[in-house]
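Below: one structure, written as structure tokens.
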Amino acid sequence: MPKSAKKPLKKRARKTVAKKAPRHVYFFEEGGADGNRDMKDLLGGKGANLAEMCNLGLPVPAGFTITTEVCTWYYAHGESYPKTLRAEVERALARVEASMGRRFGDPADPLLVSVRSGARVSMPGMMDTVLNLGLNDATVEGLARASGSPRFAYDAYRRFIQMYGDVVLEIGPDPGEEFNPFALALDALKRKRRVERDTELAADDLRALVKSYKEIVRRRTGRAFPEDPIEQLWGAIGAVFGSWQNKRAIAYREMNGIPGSWGTAVSIVAMVFGNLGEDSGTGVAFTRDPANGERRFYGEFLMNAQGEDVVAGIRTPEPIEHLERSSPKAWRELLRIQKRLEQHYRDMQDLEFTIERGRLFMLQCRNGKRTGFAAVRIATDMVREKLITKREALGRVEPEALNQLLQPIFAAKELARAEQTGQRLTRGLNAGPGAASGRLVFTATDAEAWAARGETVILARIETSPEDIRGMQAAAGVLTARGGMTSHAALVARQMGKVCVAGAGEVEIDYKRKRMTIGATTLREGDWLSLDGSTGKVYAGEVPTHPSEVITALFGKARAREKAKQSKGYRAYRQLLGWADEVRVLKVRTNADQPDQCDTAVALGAEGIGLCRTEHMFFEGTKISAVREMILADTEAEREKALAKLLPVQRRDFEGIFKSMGRRPVTIRTLDPPLHEFLPHEKPEIARVAKELGVKPAHLAAKLEQLSELNPMLGHRGCRLGICYPEITRMQARAIFEAACNVAKKTGVKPRPEVMIPLVGTARELELQAELVREVAEQVLREKKTRIPYLIGTMIELPRAALTADEIARHADFFSFGTNDLTQTTYGISRDDAGKFIPVYVEQGIFDGDPFAALDTAGVGKLMEIAVEGGRKTRADLKLGICGEHGGDPGSIRFCHDLGLEYVSCSPYRVPIARLAAAQAELE
Ligand code: PEP
Ligand code: MG
């Protein structure tokens, strides 16, 4: 080939490659940025919002963000970087230098940077950050001169070595020590100087501390502390990417359903200093109260401090409004900015700021985490303020967060008694609302272990760290001795919806002896403690908890009910769920088998019963005797006799349910569990029951033996019982229809029974059982001379039923997906034994989560799709619903919505959650 022909080809090829090379670094400075708020997936929340604030012209120190794609690359390529990254970082760093008028590594007046993590969604405190990067023995002198304060410069330097040593060089505590050697060296120095606070140490002290820190680094790593700022920078970038895979980040992602594939971005931002003297400071604030949603600027700050001091809870910060006195100009500007940001983002914002010598800098803004109470209140208030639409408001509340509004509180009377009897020990900050009583533990591990034994625990810590999150999750409430409203404990507890009292300064905790003292009172592990997270008060002993405002408004006694109905919390809750009901297409029913459960569910918005498990009624009071007689019967005649005793009892139960539910549909399932479940299993019990029933214990034991199965879940249960003992189905059908006629006559309201046959695997099973039910129904209706509309349908809870749904639908008015059994039988995993290995499966990434909690859409969901298609092909008007536990899980509800089901059915207290999730599914 001639040379001339080759050349342009090569050129073209190079050009195409250059065009496609992805960009890894995005620069920002006040007045403009390469990125914007819509680029969270690529720049992480922090990077995207820093860019956005720059675009808005707000005062933000210059910086740049390395994308989340680099993080993914880093892990996919053995912890290395794309080739072009180095050059991109160098170019961006030069722009930061130009913007800030300082050079990185300049011994005369150095630019220092922070290196921060930031994923697509915020993971507070889970990943690492390094501050003051760029300091070494030369630049520290430059910083001392430029700032005019050697003390400040050496304080920044020792903090940097400590942070770098911890995060990048991974220097943890020495064996047998609780704290790392840096913290111990600092404490030792303070003791030597007889001072309490870091701020009381002089420049020379800090210079000496830097020396000892460097010795620690050499001792522990075998190398000198890196003096080259560029080496420091790449070390920190690697450590921040590395922190995406640390234990606490993984645990947090597991708990919050965040995929590991997202990765974190890294933002490198020019340092500004809040610790340059009394005209400098730092703080965090929310545009509304994150605990109760009240519309007021809310937050805290510390003068002469760095950001970590506020969050770490080392000094207790001042309320934000005091900033007006400490730094009036910055205060006025901050007020203006917070309003602007809330209007711009149209959501409550969480802000971080620093004041450097009177000049305000914004370091972060993001949608603020909030409690369930606050979420509902802020969403409804913002609609009233015309900031957002009703539809947007519905998307602003996590369905699960509604749980908090239903959670217990302390009753005023009992609190007053606790006050009078001197139970009140102290008061901290009301960091996480609600009330909790439990037994005291002092470590996260103990909290988990005690909770696993069924104990309700309160976790008390001097302060919490991300290592404690599993323990916090296991505890009913969290108490800390140190830290403010934005300390780790407070942030995490609010997000989890945990009761939390933070920063109770009078509490002294002794981890070694597992005890704490408050004044003259000493409490030990296992003692009872009560926390009022709404007021911050701490009580000794067990103060009983009571229903929340919403629960009182719905179920309280007349006077309390009226009062609770006027509360802001209840009104906001009602409004939001009212909007949800206007929007949603999916109906929400409940799984209930007692009239009081029905009443609760209806008050919480249930539109019918999706599953009444009749066997639950059998265990009550004297009914169990009649059930046992029926099981022990040797002949059909004997069984009929026992069933005749059961009939009136069942009828009465159904009457209660029909009365509660009025015109709402009521799905009643015929007997499902294996019969041995109703018999006693231990010898003394067998003897007692035999006596009660007037039979010989040997006879009872023999019957038990006869009924025992190797695998009862796949044994003689479900419709297989009704097929072998049709008289049981007949009795139940008679009880249902007689009850319906009686209630119709008494109340004038016709009930709407829907009889459901369980565990059907073949069309013939359903055909036989449906025929039986219809025969009895028609007979009863003739006897009673009434017409009651009714349906007969089946559960779809076996793969074969799903696969042959077209045939089964010939005999069904409705299908209800029993996804508990369908998950069990699709996976071949026993639902009773799965707890042993599912956590391992989740940990190893084999399962995304527990398939018994969140529907396996790929497998079980596929069978549901087949069943819907098959069923509808035979009967276009087939009614479809779900009554497995997944009916109350927001993600699964979304799937059911997309599948076109008519309703989901869940336990009574999950009904509000399902209503909101159904509305969100429609809006999405
Ligand atoms: C189911 O299997 O999903 C169901 C609702 O029935 P049960 O849990 O009673 O087996
Ligand atoms: Mg089932």
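Each residue of the sequence shown is one higher than the last, beginning at 329 in our numbering.
Built from N, CA and C at the ideal position, the CB exists for glycine as well.
As the structure is a computational prediction, the values presented were derived from the model and not from experiment.
Per-residue DSSP class, three states only, for residue i
i, result
"Gly1046", "coil"
"Glu1250", "helix"
"Ala346", "The predicted position of Ala346 is uncertain, since its pLDDT is 47 and thus under 50; no value can be drawn from it."
"Lys1201", "helix"
"Asn584", "helix"
"Tyr1231", "strand"
"Ser332", "Caution applies to Ser332, whose pLDDT of 38 falls short of 50 and renders its modelled position unreliable; the model cannot decide the point."
"Glu670", "helix"
"Ser655", "coil"
"Ala1297", "Examination of residue 1297 is not possible in this model, given that the chain is present from 329 through 1252 alone."
"Lys338", "Only weak support is given to the placement of Lys338: the predicted model assigns it a pLDDT of 40, under 50, and the question is left unresolved by the model."
"Val441", "strand"
"Ala961", "coil"
"Phe507", "coil"
"Ala531", "helix"
"Leu679", "strand"
"Cys1069", "helix"
"Cys399", "helix"
"Leu1211", "A small correction: the amino acid at residue 1211 is Cys; Leu does not occupy that position in the sequence shown. It is coil, neither helix nor strand."
"Arg489", "For the sequence presented, residue 489 should be read as Ile rather than Arg. In this structure, Ile489 counts as helix in the three-state DSSP scheme."
"Glu646", "strand"
"Lys1074", "helix"
"Lys1031", "helix"
"Tyr867", "strand"
Cβ-Cβ distance between residue i and residue j below 9 Å
i, j, result
"Phe629", "Gly609", "yes"
"Ser858", "Gly847", "no"
"Trp856", "Leu753", "no"
"Glu1095", "His1139", "yes"
"Gly1269", "Leu370", "There is no way to answer for residue 1269, as the model of the chain reaches only from 329 to 1252."
"Gly1163", "Val1170", "no"
"Gly811", "Glu791", "yes"
"Ala804", "Glu776", "no"
"Thr918", "Pro1236", "yes"
"Ser895", "Glu910", "no"
"Pro1086", "Arg1128", "no"
"Val600", "Glu684", "yes"
"Thr963", "Leu999", "no"
"Val320", "Val597", "This structure cannot settle anything about residue 320, because the visible part of the chain is limited to 329 through 1252."
"Ala908", "Ala1247", "yes"
"Gly611", "Glu680", "yes"
"Thr873", "Ala892", "no"
"Thr592", "Lys667", "no"
"Ser1144", "Ile1166", "no"
"Met1059", "Leu975", "yes"
"Leu1100", "Gly1050", "yes"
"Ala821", "Ala763", "no"
"Glu1193", "Leu1208", "no"
"Pro1218", "Glu582", "no"
"Asn620", "Pro761", "yes"
"Glu528", "Ser427", "no"
"Gly864", "Arg755", "yes"
"Leu534", "Arg473", "no"
Beta-bridge pairing of residue i - partner residues as DSSP gives them
i, result
"His874", "Ile737"
"Ile1085", "Thr1122"
"Val829", "Asn758, Leu807"
"Ala447", "Thr592"
"Ser765", "Ser858"
"Gly375", "DSSP output for Gly375 lists no bridge partner at all."
"Pro993", "Arg1080"
Quiz prompt | Residues with C-beta closer than 7 Å to any heavy atom of the ligand MG, in chain order | solution = Selection output, chain order preserved: Asp1000, Pro1086, Leu1087, Met1123, Glu1125, Gly1146, Asn1148, Asp1149.
Quiz item: Is the number of C-beta pairs between the segment 467 to 486 and the segment 558 to 575 that are closer than 8 Å three or more?
Solution: The segment 467 to 486, when compared against the segment 558 to 575, does not touch it at the 8 Å Cβ threshold.
Exercise. Answer yes if the segment 743 to 753 comes into contact with the segment 723 to 732, meaning at least three C-beta pairs across the two stretches below 8 Å, and no otherwise.
Key: Cβ pair count under 8 Å is below three, so no.
Practice problem: Flag this pair as touching only if the segment 882 to 890 and the segment 1211 to 1231 have three or more C-beta atom pairs under 8 Å; answer yes or no. | Solution: The segment 882 to 890 is not in contact with the segment 1211 to 1231.
Exercise. Could you say if the segment 685 to 694 and the segment 650 to 667 meet the contact criterion of at least three C-beta pairs nearer than 8 Å?
Key: Counting Cβ pairs under 8 Å, three or more are found: they touch.
Quiz prompt | Validate contact between the segment 402 to 422 and the segment 711 to 728 using beta carbons, cut 8 Å, 3 pairs | solution = Note that the segment 402 to 422 does not touch the segment 711 to 728; fewer than 3 beta-carbon pairs, one per stretch, sit closer than 8 Å.
Quiz item: Should the segment 1021 to 1032 be regarded as contacting the segment 978 to 991, the criterion being three or more beta carbon pairs within less than 8 Å?
Solution: No: the two stretches stay apart, fewer than three of their Cβ pairs being nearer than 8 Å.
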